[in-house]
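Undergrad:
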Amino acid sequence: MPALRRTAPPARDNGRTLLRFLAVGVINTVVGYGIYALAVLGGAPPQLALVLQFVLGALWNFQMHARIVFAVRGWSRLPAYIGAYVLIYVGNALALRLVMAQGAGALLAQLLILPFVVAASWLLIGQVMGYRQRRRIE
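Residues in the sequence shown are numbered from 926 upward in steps of one, following the numbering used here.
1. Measure the C-alpha to C-alpha separation of Val1011 and Asn939 and round it to an integer number of angstroms.
2. Tell me whether the beta-carbon of Ala969 lies closer than 8 Å to the beta-carbon of Leu977.
3. The alpha helix (DSSP H) that contains Ile1050, what's its start and end?
4. Alpha carbon to alpha carbon, what distance is there between Phe946 and Gly1016?
5. Could you check where the alpha helix (DSSP H) with Gly1028 kicks off and where it finishes?
6. May I have the straight-line CA-CA distance separating Arg998 from Arg992, to the nearest angstrom?
7. Return the Cβ separation of Val1053 and Ala1005 in integer angstroms, given the expectation that the two are a contact with Cβ distance under 8 Å.
8. Can you give the Cα-Cα distance for Asn953 and Leu1033, rounded to whole angstroms?
9. Just mark Ala1009 as buried or exposed, buried being the case when its beta carbon has 16 or more other beta carbons within 10 Å.
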């Protein structure tokens, strides 16, 4: 039986995967920020709005990342994805609290944090989806 070997994706694929991640991320961010903004403007406290944003987006984002970005089928990676999502949420929630403590409003604070959330998402979600651990049969 042929051995499985871990290989890095070709450099060309790295760029395409990153572009797909960013494009899907834009869609997910617009949807997520929209949920957050609607909740805040509807009177929800910022932390509750953030919980709503993450809960409502988790399954949708998993499917977008799995199918469009990382070509993963099925739901077997969902628990690890949710774990990464929770880590991202905790970091986001702490950063939101810190930025708001410096005087930024809830909407501006979340907007300022987004680039850091995107970078953390690329690293954690890529890891969970096996992006750096692809295997091929030789």
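Cβ atoms here follow ideal geometry from the backbone N, Cα and C, with glycine treated the same way.
TA: In short:
1. Position 86 of the sequence shown, counted from the start, is the residue given in the question as residue 1011. Position 14 of the sequence shown, counted from the start, is the residue given in the question as residue 939. One C-alpha to the other measures close to 25 Å.
2. Against the sequence shown, residue 969 aligns to sequence position 44. Against the sequence shown, residue 977 aligns to sequence position 52. Yes, Cβ-Cβ distance for Ala969 and Leu977 is below 8 Å.
3. Sequence index remark: in the sequence shown, residue 1050 carries index 125 (1-based). Taken as a continuous stretch (DSSP letters only), the alpha helix (DSSP H) holding Ile1050 covers Ala1031 to Val1053.
4. Numbered from its first residue, the sequence shown carries residue 1016 at position 91. Numbered from its first residue, the sequence shown carries residue 946 at position 21. Taking the straight line joining both Cα atoms gives about 20 Å.
5. Along the sequence shown, one-based indexing puts residue 1028 at 103. Element bounds for Gly1028: n/a, residue is neither H nor E.
6. Here residue 998 refers to the residue found at position 73 of the sequence shown. Here residue 992 refers to the residue found at position 67 of the sequence shown. Taking the straight line joining both Cα atoms gives about 7 Å.
7. One-based indexing of the sequence shown puts residue 1053 at position 128. One-based indexing of the sequence shown puts residue 1005 at position 80. About 5 Å separates the two Cβ atoms, so the contact holds.
8. Working through the sequence shown from its first residue, we reach residue 953 at position 28. Working through the sequence shown from its first residue, we reach residue 1033 at position 108. The alpha-carbon atoms of Asn953 and Leu1033 are separated by roughly 18 Å.
9. Looking up residue 1009 in the sequence shown gives position 84. It counts as buried.
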